[in-house]
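Working notes, structure below.
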Amino acid sequence: ALKASRTPVREALHRLAADGLVDIIPRKGVIVSDITTDDLYDIYDIRIALEMMAVKRCIERITDQGLGRMQQVLEGMKDSLEKKKFKQFILHDRSFHALIVDTADNPRLKKILSNMNDHIERITFLIYGDEERMSQSISQHMEVFEAISERDSEKAEKAIQDHLNSTILYHEAQLKRSSGLIPTIKQQ
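Everything in the sequence shown is counted per the numbering used here, starting at 0 for the first residue and increasing by one.
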């Protein structure tokens, strides 16, 4: 037993339910909520818009030191893939996107994207071990990095949009493979 009072646990579960991460079934319990392809597209539509804004702001604020950190993260991604350290790869991927958002220097943007990432984390494991997808991801991150290095907002926004759209398609295919037919239409 965890020896935790029921009230804070209940409040935490209600917060997770409000965030769409779990479903509370009266007199049954709590389960992790399913992710549909609609959910996936909804989440990524928001993420794309926000990361495009973040990359634009990042370009306005990034220093040479910040570019150096990004390059180190990219090298970490490559090294992780070569050594088949897939968990490390995912951490480097997250770090790359976090550097963009952190450099954008907008706490509200960061908070909203953090919430989106809570949902994305639920499907990130689907990339685990897919070396071809990881290699594509590195190339896409390199395009984003190059555009940021060149201080080319338009090119950076397109690169981040292309990368995230590619990610949507990948995750959609993996969701369909992992759980059969995924509902694609929300009930009104």
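From the three backbone atoms N, C-alpha and C, an ideal C-beta is built for every residue, glycine too.
Review point. Since residue 22 sits in a beta bridge, which residues does DSSP pair it with?
Key: 30
**Study point:** N- and C-terminal bounds of the alpha helix (DSSP H) containing residue 36
**Key:** 36-60
Point to revise | Every unbroken beta strand (DSSP E) inside the stretch 122-146 [3 residues or more] | key: none
Review point. For the stretch 109-116 against the stretch 137-151, are there 3 or more C-beta pairs whose distance is under 8 Å?
Key: no
Practice item. Identify the continuous alpha helix (DSSP H) that holds residue 63 and give its terminal residues. Key: 63-81
Review point. Out of curiosity, what's the CA-to-CA distance linking residue 80 and residue 131?
Key: 10 Å
Exercise for review: Measure the C-alpha to C-alpha separation of residue 8 and residue 149 and round it to an integer number of angstroms.
Suggested key: 49 Å
Point to revise | Short Cβ contact (8 Å threshold) for residue 103 with residue 68 | key: no
Practice item. Flag this pair as touching only if the stretch 23-35 and the stretch 150-160 have three or more C-beta atom pairs under 8 Å; answer yes or no. Key: no
Point to revise | Cβ-based neighbour list, residue 162, same chain, cut-off 6 Å, excluding 5 preceding and 5 following | key: 139
Point to revise | Nearest-angstrom Cα separation, counted from residue 23 out to residue 29 | key: 5 Å
Check your understanding: Do three or more CB pairs link the stretch 91-101 to the stretch 60-76 at distances below 8 Å?
Key -> yes
Practice item. In the DSSP assignment, find the unbroken alpha helix (DSSP H) run with residue 10 in it and report its ends. Key: 5-17
Point to revise | As assigned by DSSP and simplified to three states, the class of residue 84 | key: coil
**Study point:** For residue 101, three-class secondary structure by DSSP
**Key:** helix
Check your understanding: What does a CB cutoff of less than 6 Å around residue 17 pick up in its chain, not counting 5 residues either side in sequence?
Key -> none
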